[in-house]
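Down below is the structure, laid out as structure tokens.
2 protein chains.
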Amino acid sequence: MLVTRGFGALTLRAVAAEMDASTGLLTHYFPNKRALLRTALEILAQRSEERPRRTAPTEGLAALRTALLDVLPLTPESAAANRIWVSSWDVALADPELAADHAGRYRRSRERLAVHVAAAQRRGELPTTTATEDLAAAAQGFALGLVVQALFAPAEFPAERQIKLLDDWLATWRSAAPGPANPPAADSG
Amino acid sequence: MLVTRGFGALTLRAVAAEMDASTGLLTHYFPNKRALLRTALEILAQRSEERPRRTAPTEGLAALRTALLDVLPLTPESAAANRIWVSSWDVALADPELAADHAGRYRRSRERLAVHVAAAQRRGELPTTTATEDLAAAAQGFALGLVVQALFAPAEFPAERQIKLLDDWLATWRSAAPGPANPPAADSG
DNA sequence: GTACCTGCCAAACGTTTGTTATGTACGACG
DNA sequence: CGTCGTACATAACAAACGTTTGGCAGGTAC
């Protein structure tokens, strides 16, 4: 329901109908709609964090790539989840508390990315001239923007292109790294 | 009103009150609310396109940088406009027609960026190993994601940091370009 | 003058919203 | 067995919603 109609259609009665219950049940557990909305977003975030991920046994740049791939709407299910998430930005920006929740979530996500960025820098896979946090922020920003683009123009941004865009982006950063890069045809001096 | 309360609060009565008119005026000019919403977004997009821009007499990579800077929420006014725009993604994703409108707008924006990307590639300021459209898409994605991050965490993403993130990103692409790069302290062989 | 059209307002329409109040089934506890 | 608190359903509430309607100005046409 959220996927197709957005958060504007999130009413107490719609939620109650979806779970074959009454509005009385909802009001029994939640003081008001804002509280319901808040825990709904909380559950959504929790579900996103706990969903099965590509647990590649990698580290550094490869791990960063894996983490970013987990975010992109490469499958219909991920697209649906991302769509709900993007839709939530409207209500979240209109409510300071919800906005703070979202800000915290994105900050923590950035910190998780920063771990991989730092490892990649240590391995010489990413430049150390740019701060770890800045690289992580850039990575998250790139992924977020790609999500939005892909949601509005799925035909122009199929899974392969999203992956290619990400890989090109990572390869460019890597080419600026101090470590021994190994491009397919390097002009070693 | 849209800035503070989001699109969920966009009612006929609210719009009418904002312009000191009656709901009858609105229904006189628009068949229904969707039509009102549609032209509202249209006007918003038009206003964004026609607003005064940094008309730097530049070309190539510098022009790309200027165009992206015009998108980022570097000023309170730009932040407000970007906030409305992000909020509109909820209603837009819930309505195929509005979604198509948005998709078209972003595609045209990408095409405008692609002009600068192509010029930069010709000048040797950007690598030609990645397609022009892909570079333009990456640039737009990066800017979009940075907008979202800055809206939710304005304290963590002040104007200077947004600019730095953008410049670092552009510098990395440029360093992968075939043309004669001129870094401040190059290790010329 | 009068008939007519357009632009707009004020009010009301029926529906849907979030919230509240009332009723009831049921296990726990004395 | 009673009574009491919990867990809901049902119904009602006022407010707000998008939309419809009737009517009043004021210009035009004849």
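From first to last, the protein sequence lines stand for chains U and G.
Residues in the first sequence are numbered consecutively from 1105, following my numbering.
Residues in the second sequence are numbered consecutively from 1105, following my numbering.
From the three backbone atoms N, C-alpha and C, an ideal C-beta is built for every residue, glycine too.
The structure displayed is predicted, hence computed values, not measured ones.
Expressed to the nearest angstrom, what Euclidean distance is found between the alpha-carbon atoms of residue i and residue j?
i	j	result
Leu1140(U)	Ala1171(U)	30 Å
Gln1225(G)	Pro1231(G)	6 Å
Val1190(G)	Arg1187(U)	13 Å
Arg1151(U)	Ala1280(G)	39 Å
Gly1283(G)	Arg1138(G)	50 Å
Thr1108(G)	Thr1276(G)	37 Å
Pro1180(U)	Met1123(G)	42 Å
Leu1197(U)	Val1251(G)	13 Å
Asp1272(G)	Pro1262(G)	16 Å
Leu1106(G)	Thr1143(G)	15 Å
Ser1292(U)	Arg1278(U)	Note that Ser1292(U) has pLDDT 42, beneath the 50 cutoff, so the model's placement of it is unreliable and no number is given.
Thr1234(G)	Glu1153(G)	28 Å
Using a C-beta to C-beta distance shorter than 9 Å, which residues of chain U count as neighbours of residue i?
i	result
Val1219(G)	Ordered by position in chain U, no residue passes the 9 Å Cβ test against Val1219(G), which lies about 18 Å from the chain.
Grab me the residues of residue i's own chain with a C-beta within less than 6 Å of its C-beta, minus the 5 sequence neighbours each way, in chain order.
i	result
Gly1112(G)	none
Ala1222(G)	Thr1236
Ala1240(U)	Arg1214, Leu1217, Ala1218 and Val1221
Pro1287(U)	Caution applies to Pro1287(U), whose pLDDT of 41 falls short of 50 and renders its modelled position unreliable; the value that the coordinates give is listed next. Excluding positions up to five away in sequence, the list is empty.
Taking only beta-carbon positions, decide if residue i is within less than 8 Å of chain U.
i	result
Asp1194(G)	yes
Glu1181(G)	no
Leu1197(G)	yes
Gly1164(G)	no
Arg1211(G)	yes
Ala1125(G)	no
Thr1159(G)	no
Asn1286(G)	Caution applies to Asn1286(G), whose pLDDT of 48 falls short of 50 and renders its modelled position unreliable; the model cannot decide the point.
Which chain G residues are close to residue i, counting only those with a beta carbon under 7 Å from its beta carbon?
i	result
His1206(U)	Phe1256
Leu1250(U)	Gly1245
Does chain G have any CB closer than 8 Å to the CB of residue i?
i	result
Ala1289(U)	Low per-residue confidence applies at Ala1289(U): pLDDT is 38, beneath 50, and the placement is therefore not dependable, though the value from the model is reported in the following sentence. Chain G, which has no Cβ nearer than 8 Å to the Cβ of Ala1289(U), makes this no.
Val1190(U)	yes
Asp1272(U)	yes
Leu1269(U)	yes
Check this for me: beta carbons of residue i and residue j, under 8 Å apart or not?
i	j	result
Ala1243(U)	Leu1176(U)	no
Phe1246(U)	His1206(G)	no
Gly1208(G)	Gly1249(U)	no
Arg1227(U)	Gly1128(U)	no
Considering only residues of the same chain and omitting the five flanking positions on each side of residue i, which have a CB-CB separation below 8 Å?
i	result
Leu1173(U)	Arg1158, Ile1267 and Leu1270
Ala1203(U)	Ala1196 and Leu1197
Ala1121(U)	none
Against residue i, what residues of chain G qualify as contacts under a CB-to-CB distance less than 9 Å, listed in chain order?
i	result
Gly1112(U)	Phe1111, Gly1112, Asp1194, Val1195 and Ala1198
Whose Cβ in chain G lies nearer than 8 Å to the Cβ of residue i?
i	result
Trp1167(U)	According to the sequence provided, residue 1167(U) is Ala. The question's Trp does not apply to it. Per Cβ cutoff of 8 Å: no residues; Ala1167(U) is ~20 Å from chain G at best.
Arg1187(U)	Leu1197
Looking only at its chain, what residues have a beta carbon closer than 7 Å to the beta carbon of residue i, apart from the 5 residues adjacent to it on each side?
i	result
Gln1253(U)	Phe1261
Leu1145(U)	Ser1192, Leu1202 and Asp1205
Thr1162(G)	Thr1170
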